[in-house]
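A short write-up of the structure that comes next.
Chains as they are written, first to last, in my numbering: chain P, 10 to 119; chain H, 248 to 618.
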């Protein structure tokens, strides 16, 4: 039997977008911050996955970025959520709550 | 002793051991292949290069200026593989489809004897082209030349495969951008072997060369139907159905313009010969040259829109927009064929054609008399 980690690999992958929207909502972050925020969680990921995903979210106008000069090295892209992205996040959050509540209720045997 | 290679990562110079350079190049190559369909490919690759550069910088200090192979392999391990988007909802062209190969009948000019109908049929039916040609020749004899006419019509109605997607569809092969990229890369690897020594000092220029090579390769592949079509605009060819209709239009408008030209020639020369147009004699006080000018203007006005439609149809069929005069030649061919048909099968027409020489002689005398 696969471990829970393996069992939900696909689920985590699908939810990564949701997790990123959650991170960029309310604050402006650069890719290093996103990776650091995800690292201790089950959603831990790498640049190779994150950059294509951020580019897709930007194309869908859910996030946007601006260049910010950094103390050392070249300027960095700082990402923030857009209005459309915030709406999407609310929608996903509500759906996720419904899933989660359903599972709780099933377990409680009601 | 390791060779050290200086590269340019997103604008900053870095020195790498040769195996580190090879590993990095392989990683970026895989990333580019994975992102081949991605409209933001260039930007993502730049971001990835920047991230690699940042990670490399962490290993460097004033006393250490070269990134080792182990360090590069750690960096690449941290970066993780670049994945194409799982739910490929990137905008796609009309010909791209995920529902497997979309087999369609195209003319294939590669290895064609005439217009590529037999090669196209062979690819479509997945049989050897020699068999198709043999059957075509036998059918040609049995039907007494009618197959030739069908062939001529099919030449216009069946679009020729102009892009690599269409070429793949003609063979019923799944068209996969990554496969095409791989082919381009193999091609490049072969070409670059001879010159790699000089190129290696600059990774960026090599990548640029790769890109140009791959573009040139794809361009030449997309344009092979055009002969040397360097001047052709890089326009996307029209869709299959559009081109079928354009092919029917090309045949129809060619026939119409040919008929109009024949009618014009008949009117022009019968007027010179008999002084009447289709049984109608112009009033005596109108000079003959004016009647001829009016006939010519009327012909030009009536035929111009049909000619324009004909040229537009040909342009759509052939996929290039500069006139090559081929459509005009085809109209002439239709007229010659009509003349031959008249000669062979219609006795009155035969008489008319036999008189044509006399009519022309008459025309020459008429012109002389005008002066």
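Idealized CB from N, CA, C, for every residue including glycine.
The structure displayed is predicted, hence computed values, not measured ones.
Report, in whole angstroms, the separation of the C-beta atoms of residue 364(H) and residue 398(H), which I expect to be a contact under 8 Å. In the second chain, residue 364(H) corresponds to position 117, counting from 1. In the second chain, residue 398(H) corresponds to position 151, counting from 1. Rounded, the Cβ-Cβ distance is 6 Å, consistent with contact.
Simplified DSSP assignment, three categories, for residue 73(P): Your numbering for residue 73(P) matches position 64 in the first chain. For residue 73(P), the three-state secondary structure derived from DSSP is strand.
List the endpoints of the continuous beta strand (DSSP E) containing residue 253(H). The residue labelled residue 253(H) in the question sits at position 6 within the second chain. Residues 251 to 256.
If the criterion is Cβ atoms closer than 9 Å, does the pair residue 77(P) and residue 63(P) meet it? Taking the first residue of the first chain as 1, we reach residue 77(P) at position 68. Taking the first residue of the first chain as 1, we reach residue 63(P) at position 54. Between residue 77(P) and residue 63(P), the gap from beta carbon to beta carbon reaches 9 Å or more.
By alpha-carbon positions, which one of 391(H), 359(H), 390(H) and 351(H) ends up nearest to residue 377(H)? As a position in the second chain, residue 377(H) is number 130, starting the count at 1. Among 391(H), 359(H), 390(H) and 351(H), the Cα nearest to that of residue 377(H) is on 359(H).
Going by the CB atoms, is the gap between residue 44(P) and residue 56(P) shorter than 9 Å? Numbered from its first residue, the first chain carries residue 56(P) at position 47. Numbered from its first residue, the first chain carries residue 44(P) at position 35. Yes, the pair counts as a contact, with Cβ atoms nearer than the cut-off.
Taking the C-alpha atoms as reference points, what is the distance between residue 312(H) and residue 562(H)? On the second chain, position 65 is the one that residue 312(H) refers to. On the second chain, position 315 is the one that residue 562(H) refers to. Each residue's CA atom was taken as its position, placing residue 312(H) and residue 562(H) some 59 Å apart.
Tell me, please, whether the CB atom of residue 309(H) is closer than 9 Å to any CB atom in chain P? Mapped onto the second chain, residue 309(H) falls at position 62. Chain P places no beta carbon closer than 9 Å to that of residue 309(H), leaving this residue out of the contacts.
Just verifying my parser: in three-state terms, what is the DSSP assignment at residue 293(H)? Taking the second chain and counting its residues from 1, the one referred to as residue 293(H) is at position 46. In this structure, residue 293(H) counts as helix in the three-state DSSP scheme.
Under the DSSP definition of a beta bridge, which residues are partnered with residue 89(P)? Taking the first chain and counting its residues from 1, one reaches residue 89(P) at position 80. In the DSSP output, where bridge partners are listed per residue, residue 89(P) has 73(P).
Whether or not the segment 508 to 520 of chain H and the segment 574 to 589 of chain H are in contact is what I'm after, with contact meaning three or more pairs of Cβ atoms, one per stretch, closer than 8 Å; do they touch? Because the criterion of three Cβ pairs below 8 Å is met, the segment 574 to 589 of chain H and the segment 508 to 520 of chain H touch.
Among 385(H), 310(H) and 260(H), which residue has its Cα nearest to the Cα of residue 301(H)? Along the second chain, one-based indexing puts residue 301(H) at 54. The residue from 385(H), 310(H) and 260(H) with its alpha-carbon nearest to that of residue 301(H) is 260(H).
Beta-carbon neighbours of residue 60(P), restricted to chain H and to distances below 8 Å: Taking the first chain and counting its residues from 1, the one referred to as residue 60(P) is at position 51. The CB of residue 60(P) comes closer than 8 Å to the CB of 291, 294, 295, 298 and 329 in chain H, given here in chain order.
Taking C-beta pairs closer than 7 Å, name the residues in chain P that residue 287(H) reaches, listed in chain order. Position 40 of the second chain, counted from the start, is the residue given in the question as residue 287(H). Within 7 Å Cβ-Cβ: 64 and 68.
By DSSP's criteria, residue 527(H) is part of a beta bridge. Which residues make up the other side? What you label residue 527(H) is simply residue 280 of the second chain in a count that begins at 1. Answer is 524(H).
Which residue wins for smallest C-alpha separation from residue 18(P), given the options 71(P), 47(P), 51(P) and 33(P)? If you number the first chain from 1, residue 18(P) lands on position 9. The shortest C-alpha separation from residue 18(P) is found at 51(P).
To the nearest angstrom, how far is the alpha carbon of residue 535(H) from that of residue 490(H)? In the second chain, counting from the first residue as 1, residue 535(H) sits at position 288. In the second chain, counting from the first residue as 1, residue 490(H) sits at position 243. Answer to the nearest angstrom: the Cα atoms are 45 Å apart.
So for residue 16(P), helix, strand or coil by DSSP? Sequence index remark: in the first chain, residue 16(P) carries index 7 (1-based). Residue 16(P): helix per DSSP, three-state reduction.
Do you know how far the Cα of residue 586(H) is from the Cα of residue 597(H)? In the second chain, the residue the question calls residue 597(H) occupies position 350. In the second chain, the residue the question calls residue 586(H) occupies position 339. Near 9 Å, if we compare the C-alpha coordinates of residue 586(H) and residue 597(H).
Within 9 Å of any Cβ in chain H, is that where the Cβ of residue 83(P) sits? Counted from its first residue, the first chain places residue 83(P) at position 74. Yes, residue 83(P) lies at the interface with chain H (some Cβ there is under 9 Å from its Cβ).
What separation, rounded to the nearest whole angstrom, lies between the Cα atoms of residue 391(H) and residue 402(H)? Position 144 of the second chain, counting from 1, holds the residue named residue 391(H). Position 155 of the second chain, counting from 1, holds the residue named residue 402(H). Taking the straight line joining both Cα atoms gives about 19 Å.
Below-9 Å beta-carbon distance, residue 267(H) vs any chain P residue: Here residue 267(H) refers to the residue found at position 20 when the second chain is read from its first residue. For residue 267(H), the closest Cβ of chain P is not nearer than 9 Å.
Of the residues 515(H), 573(H) and 262(H), the one placed nearest residue 543(H), counting alpha carbons only: Stepping through the second chain from its first residue, residue 543(H) is reached at position 296. Ranking 515(H), 573(H) and 262(H) by Cα distance to residue 543(H) puts 515(H) first.
Cβ-based neighbour list, residue 297(H), same chain, cut-off 6 Å, excluding 5 preceding and 5 following: Indexing the second chain from 1 puts residue 297(H) at position 50. When the five nearest sequence neighbours on each side are left out, the beta carbons in the same chain lying within less than 6 Å of the beta carbon of residue 297(H) are those of 257, in order along the chain.
Do residue 508(H) and the ligand FAD come close, with the Cβ less than 8 Å from some heavy atom? Although the ligand FAD was asked about, the structure shown includes no ligands whatsoever.
Buried or exposed, going by whether 16 or more other CB atoms sit within 10 Å of the CB of residue 612(H)? The count along the second chain starts at 1 and reaches residue 612(H) at position 365. By the neighbour-count criterion, in which 16 or more other beta carbons inside 10 Å mark a residue as buried, residue 612(H) falls on the exposed side.
Rounded C-alpha distance that separates residue 67(P) from residue 290(H): Residue 67(P) sits at position 58 when you count from the first residue of the first chain. Residue 290(H) sits at position 43 when you count from the first residue of the second chain. Near 12 Å, if we compare the C-alpha coordinates of residue 290(H) and residue 67(P).
In its own chain, which residues sit with a C-beta less than 8 Å from the C-beta of residue 380(H), not counting the 5 before and 5 after it? As a working note, residue 380(H) is residue 133 in the second chain. Hits under 8 Å: 360 and 365.
Nearest-angstrom Cα separation, counted from residue 370(H) out to residue 405(H): Counting from 1 along the second chain, the entry for residue 405(H) is found at position 158. Counting from 1 along the second chain, the entry for residue 370(H) is found at position 123. Straight-line Cα distance between these residues: approximately 14 Å.
Taking CB distances under 9 Å as the criterion, tell me whether residue 258(H) reaches chain P. Walking along the second chain from the start, residue 258(H) turns up at place 11. True, the Cβ-Cβ gap to chain P drops below 9 Å.
Rounded to whole angstroms, what's the CA-CA distance from residue 554(H) to residue 599(H)? Just pull it up for me. The residue labelled residue 554(H) in the question sits at position 307 within the second chain. The residue labelled residue 599(H) in the question sits at position 352 within the second chain. If I take the Cα positions, the gap works out to 27 Å.
Partners in chain P for residue 271(H), counting only beta-carbon separations shorter than 9 Å: Locating residue 271(H) in the second chain gives position 24, counting from the first residue. Per Cβ cutoff of 9 Å: no residues; residue 271(H) is ~13 Å from chain P at best.
My assumption, with CB atoms under 8 Å, is that residue 74(P) sits in contact with residue 87(P). Please give the rounded CB distance. Looking up residue 74(P) in the first chain gives position 65. Looking up residue 87(P) in the first chain gives position 78. Confirmed, Cβ separation roughly 6 Å.
Are there 16 or more other CB atoms within 10 angstroms of the CB of residue 357(H), so buried, or fewer, so exposed? Taking the second chain and counting its residues from 1, one reaches residue 357(H) at position 110. By the 10 Å Cβ count, residue 357(H) comes out exposed.
Identify the contact partners of residue 246(H) in chain P, using a Cβ-Cβ distance below 7 Å as the criterion. Nothing in the structure corresponds to residue 246(H), since chain H is present only between 248 and 618.
Paired residues, beta bridge with residue 260(H) - DSSP: For the purposes of this step, residue 260(H) is taken as residue 13 along the second chain, with counting starting at 1. In the DSSP output, where bridge partners are listed per residue, residue 260(H) has 255(H).
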